[in-house]
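Those protein sequence lines, which keep their order, are chains F and R.
Mapping to the numbering used here: the first sequence position 134 is 371, numbers consecutive.
Mapping to the numbering used here: the second sequence position 89 is 355, numbers consecutive.
Quick reminder that beta carbons are idealized off the backbone N, C-alpha and C, glycines included.
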Amino acid sequence: MGIKEKEYKMIDRFFEMDLDRSELEAFEQKYDSDEDFREAVDQYETAHLTSQEAFIPGYGRFLDQKKEGFAQHLKKPTEERTPTKGIPPRGIGIGILIFLVLGTLAYWWYTEGGHQDKSMKDPVAFAENMAVNSINMDGLDLSSVRSAMDVPGNAILTQFEQKKYEEVILATQDAQTPELNLLRGLAFVQLGQKKEAIKVFEPLSQKQSNLKDAALWWLVYLNLDAGKDKEVDKYLNAIIEEDFPSTEEALELLKRD
Amino acid sequence: MGKYDWNHIVNEGRVGNEAPFNALLQPLYDADFKWQLLKVTQSEEMAFEVFLNAMTKFWERFILKKEHLPKGNIKGYIHNMARNNFLDLKRKDNRKSNLKTVELDDTLLGFSAKGLSEENMYVNRQESVDGQTSENRKLRSLSTAIGKLCDDCKTLIERNVFEGEKLKSLKIEMGYTGSYQAIVEKKKRCIKKLTKLFFVELNQMKGVE
Chain F
238 MGIKEKEYKM IDRFFEMDLD RSELEAFEQK YDSDEDFREA VDQYETAHLT SQEAFIPGYG
298 RFLDQKKEGF AQHLKKPTEE RTPTKGIPPR GIGIGILIFL VLGTLAYWWY TEGGHQDKSM
358 KDPVAFAENM AVNSINMDGL DLSSVRSAMD VPGNAILTQF EQKKYEEVIL ATQDAQTPEL
418 NLLRGLAFVQ LGQKKEAIKV FEPLSQKQSN LKDAALWWLV YLNLDAGKDK EVDKYLNAII
478 EEDFPSTEEA LELLKRD
Chain R
267 MGKYDWNHIV NEGRVGNEAP FNALLQPLYD ADFKWQLLKV TQSEEMAFEV FLNAMTKFWE
327 RFILKKEHLP KGNIKGYIHN MARNNFLDLK RKDNRKSNLK TVELDDTLLG FSAKGLSEEN
387 MYVNRQESVD GQTSENRKLR SLSTAIGKLC DDCKTLIERN VFEGEKLKSL KIEMGYTGSY
447 QAIVEKKKRC IKKLTKLFFV ELNQMKGVE
């Protein structure tokens with residue numbers, strides 16, 4: 238691979254912040270004196286962050302949010318904190334990576350023929366598929382969330398996974414966070430109470446959050462299922478205006494008969 | 267055991283109670299890190315930043331990913347983590363300075379003279395094409411690397427990431443009869459595999475240039 242296996246492991250451990258003091262000194266010396274090694278470090282960083290995003294989309298953003306959360310528990314230094322002074326904001330790098338990963342995955346998936354299953358023969362099924370796929374339940378972080386009734390978010394997620402939808406609805410009364418409201422809306426969907434679900438997803442679709450596109454797709458599906466075409470178009474246009482990654486699908490659905 | 271019960275803090279975090287971890291941050295920084303890191307970073311804001319980055323990585327590795335806690339002095343370990351991060355931040359800073367130097371050189375060569383001269387426009391176009399080529403190379407490398415993954419990893423990308431299927435349902439289909447953690451571990455190994463394959467492809471691509 239150009240550099241030795243031992244060096245590759247050293248770089249891997251550097252990004253895991255695992256090098257001890259003497260190893261770090263050796264790393265710094267090599268980095269300063271060896272151009273190939275410097276380049277390998279940059280390439281490893283690209284490869285690692287991209288691979289992580291490929292398997293866990295939004296992981297970098299999730300860690301950034303976590304870091305911001307930890308910062309809330311610390312007093313900021315007296316001077317104005319500009320943590321990325323002279324350093325490119327991580328968000329930009331992550332944004333480029335997400336673009337890179339999704340672009341490649343889309344290309345790879347398309348050439349593998351994965352797209353062929355999603356036909357537009359049935360717009361309701363298409364919309365439902367989009368709504369379901371707009372949420373990655375494995376990536377839903379409720380560890381630091383509590384409901385208005387002080388129930389831990391993870392406990393509510395467990396109730397949802399155990400299909401105790403009535404309990405989820407009870408526990409998420411007056412819920413303030415997008416994650417809990419999403420679970421509330423989904424619980425209503427599971428119970429077939431679609432009008433109630435719309436009432437939950439509607440305000441969720443108005444606020445900026447990571448779940449806004451999911452709320453919009455659920456509104457598209459529920460209204461399409463109810464035959465409310467005007468409402469469907471309104472939400473599809475909202476997805477297009479926000480330029481979410483699913484814009485193409487929204488445009489496609491706008492063209493339905 | 268020292269001032270902090272690390273096992274308790276980590277175990278609580280793993281079951282979703284992060285209050286002990288959050289409560290530890292300020293006293294740990296004030297008593298054990300602030301002044302030590304100031305000596306290394308020479309800046310209070312940088313000391314704060316590397317501490318925050320180190321604690322976020324600590325949380326990711328030992329609470330989220332459930333790695334085994336290192337044996338021995340945990341505070342000393344976190345201090346080393348902070349030093350790793352400080353070097354990383356310096357590296358990124360230097361890289362940016364180098365890019366600036368290139369821009370300055372271009373200015374000296376007269377490319378960014380007043381207005382958009384024909385010559386200037388040509389350079390901008392070239393830069394744009396070069397940037398695109400570099401991105402294309404990365405995309406090709408990534409695509410090749412994904413193609414070389416084992417079938418399980420490909421299935422995880424295609425079904426879990428792209429089609430949004432839950433890991434729990436994939437677990438059974440992919441023959442993981444053990445705990446849910448087994449497939450999570452598989453995902454971690456796939457990330458490591460893809461990192462290496464992508465890294466190798468990028469290196470080979472460099473050789474071709």
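Taking Cβ positions, are residue i and residue j nearer each other than 9 Å?
{"i": "residue 304 (chain R)", "j": "residue 307 (chain F)", "result": "no"}
{"i": "residue 419 (chain F)", "j": "residue 451 (chain F)", "result": "yes"}
{"i": "residue 371 (chain F)", "j": "residue 446 (chain F)", "result": "no"}
{"i": "residue 459 (chain F)", "j": "residue 442 (chain F)", "result": "no"}
{"i": "residue 411 (chain R)", "j": "residue 460 (chain R)", "result": "yes"}
{"i": "residue 476 (chain F)", "j": "residue 454 (chain F)", "result": "yes"}
{"i": "residue 254 (chain F)", "j": "residue 347 (chain R)", "result": "yes"}
{"i": "residue 286 (chain R)", "j": "residue 274 (chain R)", "result": "yes"}
{"i": "residue 417 (chain F)", "j": "residue 390 (chain F)", "result": "yes"}
{"i": "residue 296 (chain F)", "j": "residue 289 (chain F)", "result": "yes"}
{"i": "residue 320 (chain R)", "j": "residue 350 (chain R)", "result": "yes"}
{"i": "residue 393 (chain F)", "j": "residue 381 (chain F)", "result": "no"}
{"i": "residue 295 (chain R)", "j": "residue 311 (chain F)", "result": "yes"}
{"i": "residue 360 (chain F)", "j": "residue 488 (chain F)", "result": "no"}
{"i": "residue 401 (chain R)", "j": "residue 337 (chain F)", "result": "yes"}
{"i": "residue 357 (chain R)", "j": "residue 388 (chain F)", "result": "no"}
{"i": "residue 344 (chain R)", "j": "residue 276 (chain R)", "result": "no"}
Please confirm whether residue i has its beta-carbon closer than 9 Å to some beta-carbon of chain R.
{"i": "residue 245 (chain F)", "result": "yes"}
{"i": "residue 460 (chain F)", "result": "no"}
{"i": "residue 303 (chain F)", "result": "yes"}
{"i": "residue 484 (chain F)", "result": "no"}
{"i": "residue 265 (chain F)", "result": "yes"}
{"i": "residue 307 (chain F)", "result": "yes"}
{"i": "residue 297 (chain F)", "result": "no"}
{"i": "residue 404 (chain F)", "result": "no"}
{"i": "residue 319 (chain F)", "result": "The predicted model places residue 319 (chain F) with a pLDDT of 45, which falls under 50 and marks its position as unreliable, so this point remains unresolved."}
{"i": "residue 481 (chain F)", "result": "no"}
{"i": "residue 448 (chain F)", "result": "no"}
{"i": "residue 363 (chain F)", "result": "no"}
{"i": "residue 252 (chain F)", "result": "yes"}
{"i": "residue 256 (chain F)", "result": "yes"}
{"i": "residue 400 (chain F)", "result": "no"}
{"i": "residue 342 (chain F)", "result": "yes"}
{"i": "residue 456 (chain F)", "result": "no"}
{"i": "residue 474 (chain F)", "result": "no"}
{"i": "residue 313 (chain F)", "result": "yes"}
Just how far apart, CA to CA, sit residue i and residue j?
{"i": "residue 426 (chain F)", "j": "residue 410 (chain F)", "result": "16 Å"}
{"i": "residue 404 (chain F)", "j": "residue 249 (chain F)", "result": "45 Å"}
{"i": "residue 309 (chain F)", "j": "residue 467 (chain F)", "result": "43 Å"}
{"i": "residue 493 (chain F)", "j": "residue 479 (chain F)", "result": "21 Å"}
{"i": "residue 365 (chain F)", "j": "residue 462 (chain F)", "result": "9 Å"}
{"i": "residue 301 (chain F)", "j": "residue 471 (chain F)", "result": "33 Å"}
{"i": "residue 241 (chain F)", "j": "residue 464 (chain R)", "result": "16 Å"}
{"i": "residue 418 (chain R)", "j": "residue 291 (chain F)", "result": "14 Å"}
{"i": "residue 308 (chain R)", "j": "residue 314 (chain R)", "result": "11 Å"}
{"i": "residue 304 (chain F)", "j": "residue 258 (chain F)", "result": "25 Å"}
{"i": "residue 339 (chain R)", "j": "residue 310 (chain R)", "result": "24 Å"}
{"i": "residue 297 (chain R)", "j": "residue 342 (chain R)", "result": "13 Å"}
{"i": "residue 267 (chain F)", "j": "residue 457 (chain R)", "result": "26 Å"}
{"i": "residue 334 (chain R)", "j": "residue 324 (chain R)", "result": "11 Å"}
{"i": "residue 301 (chain R)", "j": "residue 451 (chain R)", "result": "38 Å"}
Is the CB of residue i under 9 Å away from at least one CB in chain F?
{"i": "residue 461 (chain R)", "result": "yes"}
{"i": "residue 292 (chain R)", "result": "yes"}
{"i": "residue 422 (chain R)", "result": "yes"}
{"i": "residue 297 (chain R)", "result": "no"}
{"i": "residue 354 (chain R)", "result": "yes"}
{"i": "residue 275 (chain R)", "result": "no"}
{"i": "residue 339 (chain R)", "result": "no"}
{"i": "residue 332 (chain R)", "result": "no"}
{"i": "residue 416 (chain R)", "result": "no"}
{"i": "residue 451 (chain R)", "result": "no"}
{"i": "residue 361 (chain R)", "result": "yes"}
{"i": "residue 404 (chain R)", "result": "yes"}
{"i": "residue 303 (chain R)", "result": "no"}
{"i": "residue 278 (chain R)", "result": "no"}
Between residue i and the ligand NAP, is there a pair consisting of the residue's CB and a ligand heavy atom that are separated by less than 8 Å?
{"i": "residue 452 (chain F)", "result": "Among the components of this structure there are no ligands whatsoever, and the ligand NAP is therefore not found."}
task = May I ask you to list, following chain order, the residues of the region 268 to 294 of chain F that have a beta carbon less than 8 Å from some beta carbon of chain R?
result = Within the region 268 to 294 of chain F, the qualifying residues are 268, 276, 277, 278, 279, 280, 281, 283, 284, 285, 287, 288, 289, 291, 292, 293, 294.
message = Any C-beta of chain R within less than 7 Å: which residues of the region 376 to 387 of chain F qualify?
response = Residues 380, 381.
task = Compile a chain-ordered list of the residues in the region 406 to 421 of chain F whose CB is closer than 8 Å to at least one CB of chain R.
result = Listed by position, the residues of the region 406 to 421 of chain F near chain R (Cβ gap below 8 Å) amount to none.
key: chain F contacts from the region 312 to 330 of chain R (Cβ-Cβ distance under 9 Å)   = When CB distances to chain F are screened at a threshold of 9 Å, the residues of the region 312 to 330 of chain R falling below it are 312, 313, 314, 315, 317, 318, 319, 320, 321, 322, 323, 324, 325, 326, 327, 330, in chain order.
task = Return the residues of the region 422 to 434 of chain F that lie within a Cβ-Cβ distance of less than 8 Å from chain R, sorted by chain order.
result = Cβ contacts with chain R: none found.
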